[in-house]
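*Asks:* First the structure, then my questions, so here it is.
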């Protein structure tokens, strides 16, 4: 029993590390894309609370949201935020990684802190029942 608890603790720390690395990698790629002119808007990801209604079998207990802030120098419309979300969700490998690492909610918002838009990640990838 103690071995199982210890393994659960080790797995939890490893998952947190992998999640943090994914956020850092996303932010680095987004920054490089903005600097090189490939992306017109600077994106920055962070971990958020998420939406418990979007829970799936791989969801973490807490902090299940993958929030992306869009820094455009102006207020973005809802359609522009949806377009950013669709670009992110079109990367099937990224969506799979997000789901496996326990995220269930994709949030895209402006730098003003407004909620913007939310999407249920499992709706964009067929998960086994």
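Residue numbers (my numbering): 12 to 140.
Quick reminder that beta carbons are idealized off the backbone N, C-alpha and C, glycines included.
Using the C-alpha atoms, what's the distance from residue 36 back to residue 56?
*Replies:* Numbered from its first residue, the chain shown carries residue 56 at position 45. Numbered from its first residue, the chain shown carries residue 36 at position 25. Approximately 10 Å, taken between the alpha carbons.
*Asks:* Check whether the region 100 to 110 and the region 128 to 138 are in contact - that is, three or more C-beta pairs closer than 8 Å.
*Replies:* Enough Cβ pairs lie closer than 8 Å, so yes.
*Asks:* Would you give the residue range spanned by the beta strand (DSSP E) that residue 117 belongs to?
*Replies:* Residue 117 sits at position 106 when you count from the first residue of the chain shown. Residue 117 -> beta strand (DSSP E) spans 116 to 121.
*Asks:* Among 131, 31, 48 and 123, which has the Cα closest to the Cα of residue 88?
*Replies:* Reading the chain shown from its first residue, position 77 is the one you call residue 88. Checked all of 131, 31, 48 and 123; the closest Cα to residue 88 is 123.
*Asks:* State buried or exposed for residue 68, treating a residue as buried only when at least 16 other CB atoms are found within 10 Å of its CB.
*Replies:* Here residue 68 refers to the residue found at position 57 of the chain shown. With fewer than 16 other Cβ atoms within 10 Å, it is exposed.
*Asks:* Kindly indicate which residue of 90, 113, 102 and 130 has the alpha-carbon position closest to the one of residue 27.
*Replies:* Here residue 27 corresponds to residue number 16 of the chain shown, with the count starting at 1. Closest option to residue 27, Cα to Cα, is 113.
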